[in-house]
Amino acid sequence: MFIKPYGDTLDDGAVQLSFTLPVACGGRAKEGARQYVLKLGFRHAEIVHAHPLSPEFTFFVAYARTDIALDYSKVEYAEAVDKSMTMDQVNDYIRANFKRKLVVIGACTGTDAHTVGIDAIMNMKGYNHHFGLERYPMIEALNLGSQVPNERLLELARRHKADAVLVSQIVTQKDVHIHNLTNLIELAEAEKLRDKLVMVIGGPRVNNKLAKELGYDAGFGAGTYAEDVATFIVKKLSRTLLKK
Amino acid sequence: MPAIKSRLGLSKSKIAGARALAAKIAAPVQKYIERHTTVTVERATLRLLGADGADKDGVPVPNIVVAQCGEAAAGGAARTYINALVKRSSTTEQLNEEIAAGLDITAIPAADEKQIKARASDLVERLDARISGNVKFRRERLAEWKDAEKSPLIYVIVATGNIYEDVKQARAAALQGADIVAVIRTTAQSLLDYVPYGATTEGFGGTYATQENFRVMRKALDEVAAQERRYIRLVNYCSGLCMPEIAAMGALERLDMMLNDSMYGILFRDINMYRTFTDQYFSRMINAAAGITINTGEDNYLTTSDAIEKAHTVLASQFINERFAFNAGMPAGLMGLGHAFEIDPATKNGFLYEYAQALMAREIFPVHPLKYMPPTKFMTGDIFKGYAMNTLFNFVSKATGQSIELLGMLTEAIHTPYLQDRYLAIASARYVHENIAGFSSEIEFRKGGVIRKRAARVLDETVAMLREVEKAGIFDAIERGMFAEVKRPKDGGKGFDGVFEKAPGYWNPAEDYLRRRLKITR
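Protein chains in written order, with the working numbering: chain A, 410 to 653; chain B, 5 to 526.
Put into structure tokens, the structure is as follows:
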């Protein structure tokens with residue numbers, strides 16, 4: 410099944426773009442922008458708006474069409490969780506299968522100072538009317554906050570006998586999150602903790618595919634709630650812990 | 005400042021009561037502050053007196069001196085530094101170089117007390133000339149270009165990590181209409197117990213605050229200001245473990261605003277509370293003396309707590325920040341108390357609650373240059389929705405007479421702003437500001453209506469909270485998590501080992517100067 414962007418007719422390939430070029434605004438700049446869009450592989454490029462940002466920069470809004478199509482049947486992607494349980498279902502599942510509370514430690518690690526992601530998943534209140542893990546009676550949730558060194562996260566995971574570790578990464582400038590996440594996995598392996606922990610990452614620029622590539626069990630992007638993460642953790646633990 | 009007549013019908017006696025509680029809350033902390041100094045207060049003092057530079061490993065001269073002093077820093081590091089100047093008959097520049105090259109100035113024998121005092125007054129005179137010159141320059145430019153002054157002032161951020169790249173973006177933003185440019189700091193600079201030296205081109209999520217970077221950006225903004233005939237304000241972050249040192253650098257290089265909060269470091273950066281309280285005091289004296297507007301960080305409360313349920317924590321913190329700033333000799337006209345537009349956009353009547361909160365802040369703090377922060381918590385990758393949310397934010401900001409408006413970026417949840425993001429934000433803000441210019445004087449709010457009731461309720465909750473904090477004492481209140489739902493132990497956090505009780509005979513000529521200039525009596 411080949412697909413193309415849809416503007417107002419099937420397969421018209423219509424795309425909207427906006428970008429800035431380091432040139433002074435004017436007719437030549439608009440023509441340059443149009444030709445640039447064509448070079449990107451589009452056809453019928455139209456610059457609908459051009460505005461100077463300074464004497465050296467111009468902002469453009471463009472519409473263009475593309476002939477490039479994608480064979481969607483060849484696209485592979487597995488979500489970390491197909492269907493999430495509710496908070497109550499998660500707690501019942503833990504009671505029935507583990508007969509103890511599960512320990513989950515979360516942090517925003519490295520130099521990242523943004524707690525918004527980890528708070529949304531862990532804090533009592535949660536996010537958008539979805540309670541966080543602290544509210545789960547069968548989960549012992551420990552939110553370490555931001556700028557937590559990887560060493561400290563693992564040290565606390567060991568001390569609290571954590572079942573799962575959640576790592577939030579918001580800042581992705583210059584791939585700082587990749588370096589940091591790789592470092593954490595290496596440390597966990599060196600300290601022989603990797604197999605004892607479910608390790609999950611989250612953040613707006615993170616997904617399940619990236620997580621797997623980096624050696625994590627799962628990755629969650631924007632729009633994730635605590636129950637999604639909790640569902641993954643309990644299912645994963647039931648596969649590993651309960652089989653032993 | 006637009007004079008807005010009260011339209012929320014807030015109780016004057018309740019507001020006065022809240023102020024009285026804030027004064028009671030701050031009093032025991034102030035007593036503690038007076039009896040203590042910190043490593044960064046001493047380093048800031050040295051910087052004000054002329055210590056600068058760094059050794060070959062990048063350790064700044066002020067850090068070297070304070071480290072050399074060790075425990076003796078509790079008596080004031082200025083004495084050691086000035087003693088060395090006298091005994092070696094050096095200029096500050098010569099001495100700085102020698103210290104950077106390895107000279108131990110604590111080994112130098114004591115000079116005559118009179119000579120030390122005389123040298124100190126020379127250094128203070130030089131400091132006063134520098135600060136007064138900066139204040140005068142700013143005042144004159146503002147007077148000259150008064151007609152170009154807008155309200156609210158448009159505040160944008162640059163954050164490339166490279167100061168020279170920041171300059172390009174700042175210049176473009178100023179040409180598009182930005183009045184205020186903040187150079188956001190690199191991630192985790194707040195946790196460094198030193199200020200890096202020199203111009204920098206590498207940083208994550210921001211650019212190092214260094215004195216040279218301040219100078220580079222100041223020069224660039226002055227150039228574009230002269231061209232636009234509109235004064236462009238420069239902002240940096242006077243927070244973290246080097247709060248007073250950043251203030252000192254800002255005073256020397258004519259920054260115009262500083263993010264500076266009495267409790268932010270404790271709550272959001274896990275810096276020890278005694279350290280933060282002591283540091284904020286010294287930093288605010290410097291900011292006040294240099295005519296630098298502070299921006300407090302109450303917006304952060306709402307990124308961790310719910311903006312409707314915890315609205316009163318913002319107002320309570322504003323009262324406390326105001327009191328600590330008054331205690332540091334700062335006039336209300338320099339207190340940019342912070343708050344934010346962070347209510348869940350799915351909330352019915354959310355706009356009315358935002359309006360109530362913003363107008364309430366304006367009425368309670370009438371001459372304060374309030375700093376209003378845009379939506380961040382509920383910004384997603386949907387840039388179009390984000391742009392719409394920012395438009396409502398622009399509306400409330402203008403309609404309620406906010407003074408400093410940090411513009412929301414449509415790409416807030418995605419990346420540091422692109423050149424075009426800043427343009428789009430400024431274009432939207434200017435459109436709204438212009439289009440509703442006379443709106444606030446056209447409307448009144450219904451008695452018993454949603455907006456008046458909301459404001460009255462937040463004020464009531466604030467008074468109740470301040471009463472509780474006063475009863476517990478602020479140190480215990482923070483320990484119990486009464487602010488931002490964050491709990492911080494008194495002896496925990498970073499930087500506690502850098503706090504000293506002042507030794508008998510403690511001497512700090514820079515502090516004495518600041519107190520004189522600000523007319524603070526002990």
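All C-beta atoms in this analysis are idealised placements derived from N, C-alpha and C, irrespective of residue type, glycine included.
Values in this document were obtained by computation on a predicted structure and should not be read as measured data.
- The shortest C-alpha to C-alpha distance from A:SER555 to any of B:ILE120, B:THR191 and B:ALA133 is the one to B:THR191.
- With fewer than 16 other Cβ atoms inside 10 Å of its own Cβ, B:LYS35 counts as exposed.
- Only those residues of the stretch 197 to 214 of chain B whose C-beta falls short of 7 Å from the nearest C-beta of chain A are listed: PHE208 and GLY209.
- Close CB contacts of A:LEU623 within its chain, under the 8 Å cut and outside five residues either way in sequence, are with ILE587, LEU590, THR591, ILE594 and ILE610 (chain order).
- Distance between B:ALA71 and B:ARG83, taken at the CA atoms: about 14 Å.
- The stretch 433 to 448 of chain B makes contact with the stretch 390 to 398 of chain B: 3 or more CB pairs, one atom from each, lie closer than 8 Å.
- When only Cα atoms are considered, B:PRO66 and B:THR300 end up about 27 Å apart.
- At a C-beta separation below 7 Å, A:VAL580 has these neighbours in chain B: THR191, PHE208 and GLY209.
- For B:GLN424, the closest Cβ of chain A is nearer than 8 Å.
- By the rule that beta-carbons nearer than 8 Å mark a contact, A:THR524 touches chain B.
- Below the 7 Å Cβ cutoff, chain A contributes SER463 as neighbours of B:ARG175, in chain order.
- The beta-carbon distance between B:LEU341 and B:LYS375, rounded to whole angstroms, is 7 Å. This is short enough to meet the 8 Å contact definition.
- Below the 8 Å Cβ cutoff, chain A contributes PRO613 and ALA631 as neighbours of B:GLY385, in chain order.
- Judged by DSSP secondary structure, B:LEU89 falls within the alpha helix (DSSP H) whose first and last residues are 81 to 91.
- Taking a C-beta cut-off of 7 Å against chain B, the contacting residues of the stretch 417 to 441 of chain A are SER427 and THR429, listed in chain order.
- Taking 8 Å as the cut-off, the Cβ atoms of B:GLN180 and B:TYR517 do not count as close.
- Cβ contact annotation for A:MET608 (same chain, cutoff 6 Å, sequence separation greater than five): VAL574, TYR625 and ASP626, in chain order.
- Residue burial annotation: B:HIS372 is buried, with at least 16 other C-beta atoms found within 10 angstroms of its C-beta.
- Following the DSSP letters along the chain, one finds B:ARG327 inside the alpha helix (DSSP H) bounded by residues 315 to 331.
- A:VAL484 sits exposed, since fewer than 16 C-beta atoms from the chains shown fall within 10 Å of its C-beta.
- When Cβ-Cβ separations below 8 Å define contact, A:GLN556 makes contact with chain B.
- Its chain contains ALA229 and TYR235 as the residues whose beta carbon lies nearer than 8 Å to that of B:ARG145, once the 5 sequence neighbours on both sides are disregarded; these appear in chain order.
- DSSP places A:ASN500 in the uninterrupted alpha helix (DSSP H) bounded by 496 to 506.
- Distances from the alpha-carbon of B:ALA76 to those of B:ALA105, B:LEU522 and B:GLU505 put B:GLU505 closest.
- Look at B:THR44 here: in three-state DSSP terms it is helix.
- Interface flag for A:LYS534 against chain B is set, since a Cβ pair is found closer than 8 Å.
- Fewer than three pairs of CB atoms, one per stretch, sit closer than 8 Å, so the stretch 114 to 134 of chain B makes no contact with the stretch 154 to 161 of chain B.
- Rounded to the nearest whole angstrom, the C-alpha separation of B:ARG492 and B:ALA55 is 34 Å.
- If you ignore the 5 residues before and after A:ALA620, its C-beta comes within less than 6 Å of the C-beta of ILE610, ALA627 and GLY628, all in its own chain and listed in chain order.
- Using a CB distance cut-off of 8 Å, B:TYR357 does not count as an interface residue toward chain A.
- Taking C-beta separations shorter than 7 Å and ignoring five residues to either side along the sequence, the partners of B:ALA252 in its chain run ALA48, ARG51, LEU52 and ILE290, following chain order.
- Counting C-beta pairs with one atom in each stretch, the stretch 166 to 186 of chain B and the stretch 216 to 225 of chain B have three or more that are closer than 8 Å, which means they touch.
- Residues of chain A with a Cβ closer than 9 Å to the Cβ of B:ASP265 do not exist, since the nearest Cβ in that chain sits about 15 Å away.
- From the beta-carbon of A:THR475, no residue of chain B is found nearer than 7 Å; the closest lies around 21 Å away.
- DSSP, reduced to helix, strand and coil, places A:HIS586 within a helical segment of the structure shown.
- Per DSSP, A:SER577 is one residue of the beta strand (DSSP E) stretching across 573 to 577.
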